[in-house]
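Worksheet: the structure to be examined is printed underneath.
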Amino acid sequence: AQSVTQLGSHVSVSEGALVLLRCNYSSSVPPYLFWYVQYPNQGLQLLLKYTSAATLVKGINGFEAEFKKSETSFHLTKPSAHMSDAAEYFCAVSGYNTGFQKLVFGTGTRLLVSP
Amino acid sequence: GAGVSQTPSNKVTEKGKYVELRCDPISGHTALYWYRQSLGQGPEFLIYFQGTGAADDSGLPNDRFFAVRPEGSVSTLKIQRTERGDSAVYLCASSSDGAGGRNEQFFGPGTRLTVL
Numbered sequence: 005a006q007s008v009t010q011l012g013s014h015v016s017v018s019e020g021a022l023v024l025l026r027c028n029y030s031s032s033v034p035p036y037l038f039w040y041v042q043y044p045n046q047g048l049q050l051l052l053k054y055t056s057a058a059t060l061v062k063g064i065n066g067f068e069a070e071f072k073k074s075e076t077s078f079h080l081t082k083p084s085a086h087m088s089d090a091a092e093y094f095c096a097v098s099g100y101n102t103g104f105q106k107l108v109f110g111t112g113t114r115l116l117v118s119p
Numbered sequence: 033g034a035g036v037s038q039t040p041s042n043k044v045t046e047k048g049k050y051v052e053l054r055c056d057p058i059s060g061h062t063a064l065y066w067y068r069q070s071l072g073q074g075p076e077f078l079i080y081f082q083g084t085g086a087a088d089d090s091g092l093p094n095d096r097f098f099a100v101r102p103e104g105s106v107s108t109l110k111i112q113r114t115e116r117g118d119s120a121v122y123l124c125a126s127s128s129d130g131a132g133g134r135n136e137q138f139f140g141p142g143t144r145l146t147v148l
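Residue numbers (the numbering used here), protein chains in the order written: chain A, 5 to 119; chain B, 33 to 148.
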């Protein structure tokens, strides 16, 4: 079965510092990969997605992620953190083994941004 | 509406009771999904509708859970004989279609279910 692993349940950065949130996937065939953000008491919002086009994907709010097949990774980065980036971030996968339609989520990483 | 809406936003019930959770998808979206998010976890898939039919219900944990979408728009998730372990946030999402998993799933704010 397809799955994703998010390393680090919490990541703390200072405002202006680089943000790096890690996601590794397991899949026997190239999957579709997604990053979602969840603010308190709000629904999940799509940041970006990889669907077998360009391996470097740019998303909203200055985030980007790079699909690396050799490392089975899809890490999320942002050059300079803002206070407003503090939220829960979820990596998700869909693909052949999940029937494509449904998303399989990681356990999430809470990003904390300090002044 | 502009986005996916879910009602109620909070539901507190007693063990053994029956509950219904409602989802209004984005107008025109043919695909609708239910997920369950337990505390400290990522969302877990429950069921997927394409139009009126349940195309994949493999995530429903047992036969106490049932969902319908009779007219291909609004969906209701029904839980019978609720148990304390059913306490979670139930998320609904919709997309323009389910084809290929490429299309963005738009999520509602969720219904927080608490079973006492």
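Even for Gly, the Cβ is constructed at its ideal location relative to N, Cα and C.
Since this is a predicted model, take the numbers as computed values, not measurements.
Neighbouring residues, chain A, relative to residue i (Cβ below 9 Å)
| i | result |
| --- | --- |
| B/Phe-97 | Simply none; closest approach about 15 Å. |
| B/Val-36 | Gly-47 |
| B/Leu-109 | Here the premise fails: no neighbours, minimum Cβ distance about 15 Å. |
| B/Glu-136 | Phe-38, Leu-50, Lys-53 |
Closest by C-alpha distance to residue i, when choosing among the options
| i | options | result |
| --- | --- | --- |
| B/Val-100 | B/Arg-113, B/Asp-129, B/Phe-81 | B/Phe-81 |
| A/Gln-49 | B/Thr-146, B/Phe-138, B/Gly-142, B/Gly-48 | B/Phe-138 |
| B/Pro-93 | B/Thr-108, B/Glu-76, B/Glu-52 | B/Glu-76 |
| B/Thr-39 | B/Gly-117, B/Val-106, B/Gln-112 | B/Val-106 |
| B/Thr-62 | B/Gly-117, B/Thr-143, B/Ala-125 | B/Ala-125 |
| A/Gln-27 | A/Ala-21, A/Pro-119, A/Glu-19, A/Leu-11 | Reading the sequence as shown, one finds Cys at residue 27 of chain A and not Gln. Closest by alpha carbon: A/Leu-11. |
| A/His-105 | B/Leu-109, B/Asp-88, B/Arg-144 | In the sequence as presented, His is not what sits at residue 105 of chain A; that position holds Gln. Considering only alpha carbons, the answer is B/Asp-88. |
| B/Pro-102 | B/Cys-55, B/Gly-35, B/Val-36 | B/Cys-55 |
| B/Asp-95 | B/Thr-108, B/Gly-35, B/Val-44, B/Arg-113 | B/Arg-113 |
| B/Trp-66 | B/Val-51, B/Gln-73, B/Thr-108, B/Gly-35 | B/Thr-108 |
| A/Phe-67 | A/Glu-75, A/Thr-9, A/Leu-22 | A/Leu-22 |
| B/Arg-144 | B/Asp-118, B/Ala-34, B/Ser-41, B/Glu-136 | B/Ser-41 |
| A/Ser-74 | A/Val-41, A/Thr-113, A/Ser-31, A/Ala-57 | A/Ser-31 |
| B/Gly-83 | B/Gly-104, B/Gly-72, B/Arg-68, B/Ser-37 | B/Gly-104 |
| B/Gly-60 | B/Ala-120, B/Ala-34, B/Gly-140 | B/Ala-34 |
| A/Ser-18 | A/Thr-9, A/Ser-84, A/Gly-112 | A/Ser-84 |
| B/Asn-135 | B/Glu-46, B/Tyr-50, B/Leu-64 | B/Leu-64 |
Alpha-carbon spacing of residue i relative to residue j, whole angstroms
| i | j | result |
| --- | --- | --- |
| B/Pro-57 | B/Ser-128 | 10 Å |
| A/Tyr-93 | A/Trp-39 | 7 Å |
| A/Gly-110 | A/Val-15 | 15 Å |
| B/Leu-148 | A/Lys-82 | 42 Å |
| A/Val-61 | A/Lys-72 | 11 Å |
| A/Lys-53 | A/Gln-46 | 20 Å |
| A/Val-108 | A/Ala-96 | 5 Å |
| A/Val-117 | A/His-79 | 18 Å |
| B/Gly-91 | B/Ile-79 | 6 Å |
| B/Ser-70 | A/Ile-64 | 27 Å |
| A/Tyr-36 | A/Ser-77 | 12 Å |
| A/Ser-13 | A/Tyr-43 | 16 Å |
| A/Ser-7 | B/Gly-85 | 26 Å |
| A/Tyr-55 | A/Gly-99 | The question names Tyr, but residue 55 of chain A in the sequence shown is Thr. Whole-angstrom Cα-Cα distance: 10 Å. |
| A/Tyr-29 | B/Gly-74 | 15 Å |
| B/Glu-52 | B/Lys-43 | 9 Å |
| A/Gly-20 | A/His-86 | 6 Å |
| A/Leu-24 | B/Gly-48 | 44 Å |
| A/Leu-115 | B/Tyr-122 | 23 Å |
| B/Val-36 | B/Arg-68 | 16 Å |
| B/Ser-119 | B/Thr-146 | 5 Å |
Chain-ordered chain B contacts of residue i [CB-CB under 7 Å]
| i | result |
| --- | --- |
| A/Gln-46 | Pro-141 |
| A/Gly-112 | Gly-74 |
Under 8 Å by beta carbon: chain B residues contacting residue i
| i | result |
| --- | --- |
| A/Leu-22 | None at all; the shortest Cβ gap to chain B is about 24 Å. |
Interface partners of residue i on chain B, CB under 9 Å
| i | result |
| --- | --- |
| A/Phe-109 | Tyr-67, Gln-69, Gln-73, Gly-74, Pro-75, Glu-76, Phe-77 |
| A/Phe-94 | Gly-74, Pro-75 |
Listed by chain order, chain A residues near residue i by CB distance under 8 Å
| i | result |
| --- | --- |
| B/Ala-176 | Coverage of chain B is limited to positions 33 through 148, which leaves residue 176 of chain B absent and any answer about it impossible. |
| B/Ala-120 | By Cβ distance, chain A contributes nothing, its closest Cβ being about 13 Å from B/Ala-120, past 8 Å. |
| B/Leu-53 | By Cβ distance, chain A contributes nothing, its closest Cβ being about 14 Å from B/Leu-53, past 8 Å. |
| B/Leu-123 | Gly-47, Leu-48 |
Heavy atom of the ligand SAH within 6 Å of residue i beta-carbon
| i | result |
| --- | --- |
| B/Arg-68 | Of ligands this structure carries none, so the ligand SAH is not represented either. |
### Task
Report the residues of the segment 46-74 of chain A with a CB closer than 8 Å to any CB of chain B, ordered along the chain.
Against chain B - using a Cβ distance shorter than 8 Å - the residues of the segment 46-74 of chain A are Gln-46, Gly-47, Leu-48, Gln-49, Leu-50, Lys-53, Thr-55.
#### Entry: Entirely enclosed beta strand (DSSP E) segments - the segment 47-90 of chain B, minimum 3 residues
For secondary structure counted as the beta strand (DSSP E) over 3 or more consecutive residues, the segment 47-90 of chain B holds these complete runs in sequence order: 51-56, 63-69, 76-82, 85-88.
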